[in-house]
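Student:
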Amino acid sequence: MQLKINGELKEFSGELTVYALLESLGIAGKQVAVELNREVIKKEDYMSVSLKDGDIVEIIHFVGGG
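Just so you know, the numbering used here puts the end of the sequence shown at 113, numbered straight through with nothing missing.
Structure (structure tokens):
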């Protein structure tokens, strides 16, 4: 399956949920927002939302500061 993540095409095998994608990228559990095909996904839905070939995913990292 091919996904476009933050503008970059990446190849994955097998079925993938949003949470599994975040795990594979090493950012599961971190403060991020995920947009799938221009729709924001709620954090509580990460484990139930499945990704499909050609999906466009944007991952926004929150950075603290002052």
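Every residue gets a Cβ at the ideal spot worked out from N, C-alpha and C, and that includes glycine.
1. Under a three-way DSSP split, which group does Lys90 fall into?
2. Is the region 84 to 92 touching the region 48 to 60, taking contact as three or more C-beta pairs under 8 Å?
3. If you reduce the DSSP assignment to three classes, tell me which class Glu62 lands in.
4. Who are the Cβ neighbours of Asp102 in its own chain at under 8 Å, not counting the five residues just before and after it?
5. Going by other Cβ atoms of all chains shown within 10 Å of its Cβ, with 16 needed for buried, is Val65 buried or exposed?
6. When the distance is taken between beta carbons, is Ser97 closer than 8 Å to Glu58?
Tutor: Judging by the given coordinates:
1. helix
2. no
3. coil
4. Leu50, Lys51, Leu83, Asn84
5. buried
6. no
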